[in-house]
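Colleague: Per the numbering used here, residue 160 is the first one in the sequence shown, and the count goes up by one each step.
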Amino acid sequence: MTDAPADQVPASMIGNLSELAMMPGMPSEPTIKKLIDENPDFPILTRGDRGVAWEIDLVAAATFIRELQRRAEERARARAAEVNQLGLDLLGADAASIRTDRVELTSADRRALMEEELVAIKLAEKRGELIRKDEAEQAISKLAVAFVERLSSLVARASKRVDLPRETQVQLQKLIDGDRTWIALQLDRTDVASTDQRDPAVRNGGGFAAAGGVDHPAESVVDGQPMGD
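(1) Whole angstroms are fine: how far does the CA of G184 sit from the CA of A231?
(2) Mapping DSSP to helix, strand and coil, what is R411?
(3) Which same chain residues, not among the five before or five after V307, have their C-beta less than 8 Å away from its C-beta?
(4) Output needed for S311: all residues of its chain with C-beta closer than 6 Å, excluding positions within five of it in sequence on either side, in chain order.
(5) Please report the distance separating the alpha-carbon of L217 from that of M172.
(6) Nearest to I299 by CA position, among A219, D347, A221, R225, is which residue?
(7) Can you tell me which residues form a DSSP beta bridge with D208?
(8) In terms of alpha-carbon separation, which member of R325, E214, G210 lies closest to F201?
(9) Mind checking P324: buried by the 16 CB within 10 Å criterion, or exposed?
(10) Below 6 Å CB to CB, which residues in the same chain sit around N363 once its five sequence neighbours on both sides are set aside?
(11) CB-CB under 7 Å to L313, same chain, minus the five flanking residues each way: which ones, in chain order?
(12) In the structure shown, what three-state DSSP assignment does D216 receive?
This is the structure:
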């Protein structure tokens with residue numbers, strides 16, 4: 160965390176955590192605190208504590224947060240493009256996951272086991288019992304990116320239909336930007352390996368999840384509320 164001398168920043172540019180959260184495009188106070196904790200170079204002057212008020216370079220902090228948002232959204236788009244390029248067919252995805260280091264088996268035994276497993280996987284896929292994990296990730300990433308892009312224009316689109324006071328537009332934009340940040344951070348933190356460990360519906364190393372296997376990202380919402388509330 161950056162603790163710059165307060166006398167090097169114009170007094171008019173110094174504010175507290177609440178004032179930073181009230182600026183257009185900034186997330187809520189709990190989200191900002193989390194960003195401060197996660198980014199040691201966050202530009203604050205004095206960290207708030209018992210009896211100690213927050214002192215923040217508002218301009219520098221707002222610029223820093225917007226850059227975090229931009230990078231997170233770029234990483235989400237890059238992740239969607241990366242998943243889209245994988246394009247592994249069923250055989251390629253599963254052949255890479257089958258262990259061949261069981262020295263007690265002969266080559267013929269390993270080949271027979273591999274063929275049996277592939278037949279079982281193909282049969283399950285035809286029955287609709289399996290979905291490709293990379294395809295699911297690609298679909299979710301594309302949907303999230305498209306949703307974030309539509310969120311960006313929500314206030315402008317709403318203003319064309321109803322007469323919204325300026326203050327209402329500002330408050331709506333704050334909520335939208337907070338949700339955009341949350342979505343981008345969740346995508347950025349997505350860890351397929353850890354999901355494999357949590358969800359028993361995901362085959363270990365097989366690259367497939369049983370239909371109906373779900374995670375619950377709402378449990379990790381920073382503000383403890385559903386998005387948009």
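Each residue gets a CB set at the ideal place from its N, CA and C atoms; glycine is no exception.
Modeller: According to the data block:
(1) Translated into the one-based positions of the sequence shown, residue 231 becomes position 72. Translated into the one-based positions of the sequence shown, residue 184 becomes position 25. Roughly 15 Å between the two C-alpha positions.
(2) The requested residue 411 is not part of the displayed model; the chain covers only 160 to 388.
(3) Position 148 of the sequence shown holds residue 307. These residues qualify, in order along the chain: E232, A235, R339, I342, A343.
(4) Within the sequence shown, residue 311 is the residue found at index 152, counting from 1. Taken in chain order, the list of residues that qualify is empty.
(5) The sequence position of residue 217 within the sequence shown is 58, counting from 1. The sequence position of residue 172 within the sequence shown is 13, counting from 1. If I take the Cα positions, the gap works out to 6 Å.
(6) The count along the sequence shown starts at 1 and reaches residue 299 at position 140. It is D347.
(7) Residue mapping note: residue 208 aligns to position 49 of the sequence shown, counting from 1. Paired residues: V211.
(8) What you label residue 201 is simply residue 42 of the sequence shown in a count that begins at 1. It is E214.
(9) Sequence index remark: in the sequence shown, residue 324 carries index 165 (1-based). Exposed is the call here.
(10) On the sequence shown, position 204 is the one that residue 363 refers to. The pLDDT assigned to N363 is 35, lower than 50, so where the model puts this residue is not dependable; a value taken from the coordinates is nonetheless given after this. Hits under 6 Å: none found.
(11) For the purposes of this step, residue 313 is taken as the residue at position 154 of the sequence shown. Taken in chain order, the residues that qualify are I335.
(12) Locating residue 216 in the sequence shown gives position 57, where the first residue counts as 1. Three-state DSSP puts D216 in a strand.
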